[in-house]
Amino acid sequence: MLPIPQRIRTLAATASVVKLTVDGVPARARGGVDERGRPVLLALPGEPLHGLHRLHEDAVVAVNLAAMRRLGDDEHPRGLMEVQGWAQPVPAGEARAAAVAVAANTADEALFDALERYGRPDAPRLLRVDVAQVVYLTGQESGVLDADDYLDAEPDPLAEPAERVLAHVNAAHREQLANGVSRHLGRPAGEVWLWELDSRGVTVRADGSLVRFLFPAPTSSGSDLEAALNGLLCTCGHHPAA
Numbered sequence: 001m002l003p004i005p006q007r008i009r010t011l012a013a014t015a016s017v018v019k020l021t022v023d024g025v026p027a028r029a030r031g032g033v034d035e036r037g038r039p040v041l042l043a044l045p046g047e048p049l050h051g052l053h054r055l056h057e058d059a060v061v062a063v064n065l066a067a068m069r070r071l072g073d074d075e076h077p078r079g080l081m082e083v084q085g086w087a088q089p090v091p092a093g094e095a096r097a098a099a100v101a102v103a104a105n106t107a108d109e110a111l112f113d114a115l116e117r118y119g120r121p122d123a124p125r126l127l128r129v130d131v132a133q134v135v136y137l138t139g140q141e142s143g144v145l146d147a148d149d150y151l152d153a154e155p156d157p158l159a160e161p162a163e164r165v166l167a168h169v170n171a172a173h174r175e176q177l178a179n180g181v182s183r184h185l186g187r188p189a190g191e192v193w194l195w196e197l198d199s200r201g202v203t204v205r206a207d208g209s210l211v212r213f214l215f216p217a218p219t220s221s222g223s224d225l226e227a228a229l230n231g232l233l234c235t236c237g238h239h240p241a242a
C-alpha cells in the first residue's frame, strides 16, 4: 500500500468538493483541488467567502472532498477527506491556474468573470485553503494528517496510467480478473472489480469486500504496471496482503 500521506494526496487529486462550511456555517460548495492538494473555491457576490476583501481577513473553513469509483452503473466512495484550514484570496498571478482547478470539477461561467475582472469588488472571487489538517476515511483506515505531512506528499506518479488500465479491465476483462482472483483466494471470488491500482499493488472488490494484492516489486512506469497486473490475472506470483 502507498504511504498514507501519498495515498490521501492521490485521492485528493481526483476528488470533488461535496460540502463546505465557513466559520461553522454550511455554504454553497464550488471548487476543486490544486496541484499541491489545496482546495480552491469559487465565491460569488453575496456569499460568505466573497466578503474577504483583504488578505488578513481569513475565514475558518472545512472542505469535504469525495473520491468516487464507478463500478458499472453505481458510484462508490473510495475516500472521504475533510480539509480544515483558512480560506485566503488566490494571488493574481496564480488565479488562472486556480480557475482551471475549479473548472476540472465545476464548469461555471463565473470563472471567466473572476479572471477578467479580478480584484473588482463585485466580481466573483477565487480563494484557496491554507491547510491546517486533513481528516480522512478510506476503506478501513481513518486518521488525521497535519498540514506538513499532507502538503509535502506527492500523488502517485502512476495515478493517471493506473486509472486508464483500471477502467479498461473493469470494462472488458472482468471475467479474467475474477478467475485470477478466485485462484489466488482458493475459492470462488464472486463479483469482482478492480478498486485501486497503484505502483505497489492492486486492490480488488470481491463480493463487496476489499482484498489487497502486492506486486513483487514496486512498478515505475505504465508498462511495468500493466505487466504486474497481467501477472495477477495470470496468477503469477502475487500474494494477498492486508
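Residues 1 to 242 in UniProt numbering are what the sequence shown lists, from first letter to last. Backbone N, C-alpha and C fix where the C-beta goes; we use that ideal spot for every residue, glycine too.
Comparing alpha-carbon positions, which option in Val-25, Ala-43, Leu-127, Val-181 lies nearest Ser-209? Val-181
Run the CB neighbour count on Arg-7, radius 10 Å, all protein chains shown included, and call it buried at 16 or more, exposed below. buried
Is it right to say Leu-229 is buried, meaning 16 or more other beta carbons lie within 10 angstroms of its own, or is it exposed? buried
Measure the C-alpha to C-alpha separation of Asp-198 and Asp-122 and round it to an integer number of angstroms. 45 Å
Keeping to the same chain, check which residues put their C-beta closer than 6 Å to that of Val-192; ignore five residues upstream and five downstream. Leu-177, Ala-178, Val-181, Val-204, Ala-206
Helix, strand or coil for Arg-205, going by three-state DSSP, please let me know. strand
Cross-strand partners of Gly-31 (DSSP beta bridge): Leu-41
Neighbourhood of Thr-219 by C-beta distance below 7 Å, restricted to the same chain and skipping five residues each side: Leu-158, Ser-199, Leu-225, Ala-228
Let me confirm a value: Asp-23 is counted as buried when at least 16 other C-beta atoms fall within 10 Å, else exposed. Which label applies? exposed
Between the alpha carbons of Arg-38 and Leu-151, how many angstroms are there, rounded? The straight-line gap from Cα to Cα measures roughly 8 Å.
Report yes if the C-beta distance between Leu-115 and Leu-49 is below 8 Å; otherwise report no. Leu-115 is not a Cβ neighbour of Leu-49, given a cutoff of 8 Å.
Starting from Leu-126, trace the beta strand (DSSP E) in both directions and tell me its first and last residue. Unbroken beta strand (DSSP E) run through Leu-126: 125 to 138.
Enumerate in chain order the residues of its own chain whose CB-to-CB distance from Asn-170 is below 6 Å, with the five nearest sequence positions on each side excluded. Trp-193, Leu-194
Quick one: is Pro-48 near chain C, going by C-beta distance under 8 Å? This model lacks chain C altogether; it includes just one protein chain.
What separation, rounded to the nearest whole angstrom, lies between the Cα atoms of Arg-117 and Arg-125? If you take the alpha carbons of Arg-117 and Arg-125, they lie about 9 Å apart.
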